[in-house]
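Participant: Please see the structure below; I have some questions.
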Amino acid sequence: MMKRNPDRCPTHPGALLREDVLPAVKKSKTEIACLLGISRQHLHAILGEQKPVSPVVAVRLGKLFGNGAGLWIRMQGAHDEWHASRTVDVSEIPTLHAAK
0 MMKRNPDRCP THPGALLRED VLPAVKKSKT EIACLLGISR QHLHAILGEQ KPVSPVVAVR
60 LGKLFGNGAG LWIRMQGAHD EWHASRTVDV SEIPTLHAAK
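Numbering (numbering that gives the first Met the number 0), first residue to last: 0 to 99.
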């Protein structure tokens, strides 16, 4: 199995929706937003990678597309962790070890 390049940002779930999922289901963005119970603006912000997929939206996406919330939550988590690990300064935080 090939390892992922650690310098490459993991795909935002909005990109997967925009590039692969929505074209495959042949529904308009307005229809998808309505089916998900979110605003069209909220969906557009996710598709434009400006908003994260929240756990609530992940549950809705998982139900709508039949693939469960886990996929969407894992994708968003990987994306968020990659960005946080490059922007948060942890140099002053010690690493604790369990007592022996």
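Beta carbons are placed, not taken as given, at the ideal position from N, Cα and C, and that holds for glycine.
What does the Cβ neighbour count give for A32, buried or exposed, with the cut at 16 atoms within 10 Å?
Facilitator: So A32 counts as buried.
Participant: Would you call M92 buried or exposed, if buried means 16 or more other Cβ atoms sit within 10 Å of its Cβ?
Facilitator: One point to set straight first is that residue 92 is Ile, not Met, in the sequence displayed. With fewer than 16 Cβ atoms within 10 Å of its Cβ, I92 is classed as exposed.
Participant: Can you list, in chain order, the residues of its chain with a C-beta nearer than 6 Å to that of Q75? Leave out the 5 residues immediately preceding and following it.
Facilitator: Once the five neighbours on either side are set aside, the close Cβ partners of Q75 are P12, P51 and V52.
Participant: Where do the ends of the alpha helix (DSSP H) carrying S84 lie?
Facilitator: A68 to T86 is the extent of the alpha helix (DSSP H) around S84.
Participant: The alpha helix (DSSP H) that contains T29, what's its start and end?
Facilitator: Taken as a continuous stretch (DSSP letters only), the alpha helix (DSSP H) holding T29 covers K28 to L35.
Participant: Buried or exposed for A98, please, with buried defined as at least 16 other CB atoms from any protein chain shown within 10 angstroms of its CB.
Facilitator: By the 10 Å Cβ count, A98 comes out exposed.
Participant: Between V109 and the rest of its own chain, which residues show a CB-CB distance below 7 Å, the 5 nearest in sequence each way excluded?
Facilitator: With the chain covering 0 to 99 only, the question about residue 109 has no answer from this structure.
Participant: When you compare only the Cα positions, how much space is there between P54 and A14?
Facilitator: Each residue's Cα considered, the two are about 17 Å apart.
Participant: Identify whether P5 lies in helix, strand or coil by the three-state DSSP scheme.
Facilitator: Three-state result, P5: coil.
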